[in-house]
Amino acid sequence: MKIVIKKDYVELSKFAALEVKNILEDNPNCTLGLATGSTPLGLYKELIKLYNLGEINFSSVTTFNLDEYRGLNEEDEQSYKYFMNDNLFNHINIDKNNTFIPNGIAEDVERECENYEKLIGEKGGIDLQVLGIGMNGHIGFNEPNQELYLNTHLETLTEETLNSNSIFFTNKEKMPTEALTMGIGSIMKAKKIILLISGKNKAEVVKKLVSGKITTDFPASILQVHNDCTVILDEEAAALLNK
Ligand code: GLP
C-alpha cells in the first residue's frame, strides 16, 4: 500500500483527478469503479473542470458504483444514482448507458447482486477503483463483522454508519437500513485502487488502516495486501501517522 500525503483537500482531489486522467489516457475504454460520500466530491469537481478544459474524454468509459441504498430509486435525492448523476455524470460526456449502480429497488435482490457482479466481469473488471472509507473502516458498505462477503450482496448497515450518514437525510426515519454493495472480493479484484481520506476526524481511521494487521473488524485493512493500492491523504488525515 502506497501512501501519498497532500497539503489539503483541494490538493488531494487534484492528485486523485490526475490518477483518473492517466488511466483514461492509457486506455480510453477503461472501466472505473466509483464511490459516493463527501470525500470524492472534490475529485468529481476536478474531473468536471478537466473535462471542460478539453483535457479528459469520458465518451468510451464504463463505470460501476460501489453501492446503493436498498429501497431508494434514482429520483430520490438521497440515492447514490441521483448523487452520481448530480455530481458527475450530468456534467461530463459519459454515455449514461455505461454507468452502472446496483438497483436499490430490485424485487429480487439476490439476482440483482449476482447480475451486477457478473456484469463487472463481462466488462473486463475494474481498471481503477476509487474508494472512500467509513469511520468504522467500511469500504463500499462492507461493514465490520465476523465474516465479510466476497461478492456484491445486501448488507445491513451498522448503527455507526446510520449515524454518520444520517447527515445526508433530512428525515432520519426515512434512511434505509440496508444497502446493496460490491463485496470485498469485487473491490480487491480491481487492477488499481485509490483510497481518498481527508480531515482530522479520519486521522484515527488512517492509523488503524496502516496498522499492519488485517481484521474483519476493520474491512479496509485488507487493502494492505492489494498490489496496487494508493492511499491519498491530506495532512489532517495523516496527522497521527508514526505516532
Ligand atoms: C458511505 C459510502 C462509502 C464511503 C463512506 C464515507 O458510507 N458507502 O463508500 O466511503 O460513505 O463517506 P465520507 O466520504 O462522507 O466520509
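Using the working numbering, the first residue of the sequence shown is number 16, and each one after it goes up by one. Backbone N, C-alpha and C define an ideal beta-carbon position, used for all residues, glycine too.
In terms of CA proximity to Thr196, His168 leads the group Lys21, Ile209, Ala218 and His168. In the three-state reduction of the DSSP assignment, Asn180 falls in the helix class, which pools H, G and I. Counting other Cβ atoms within 10 Å of its Cβ, Phe79 reaches 16 or more and is therefore classed as buried.
Only residues of its own chain outside the window of five on either side were considered, and among them Thr78 and Phe104 have a CB closer than 6 Å to the CB of Thr114, listed in chain order. In this structure, the beta-carbon distance from Asn157 to Leu163 falls below 7 Å. When DSSP reads this structure, Asn157 sits in a beta bridge with Ile154. Counting along the chain, Asn80 sits inside the beta strand (DSSP E) bounded by residues Thr77 to Asn80. With 16 or more neighbouring CB atoms inside 10 Å of its own CB, Lys96 falls in the buried class. The DSSP-derived three-state label of Gln93 is coil.
Using a C-beta cut-off of 8 Å, the stretch 236-251 makes contact with the stretch 204-218, since at least three inter-stretch Cβ pairs fall below that distance. Between the beta-carbon of Glu188 and that of Arg85 there is about 15 Å, and that puts the pair past the 8 Å contact cut. Ala31 has its Cβ no nearer than 6 Å to any heavy atom of the ligand GLP.
Per DSSP, Gly139 is not a residue of any alpha helix (DSSP H), being assigned neither H nor E. Among the bridge pairs identified by DSSP, Phe115 is matched with Phe79. Only buried fits Phe98, as 16 or more other CB atoms lie within 10 angstroms of its CB.
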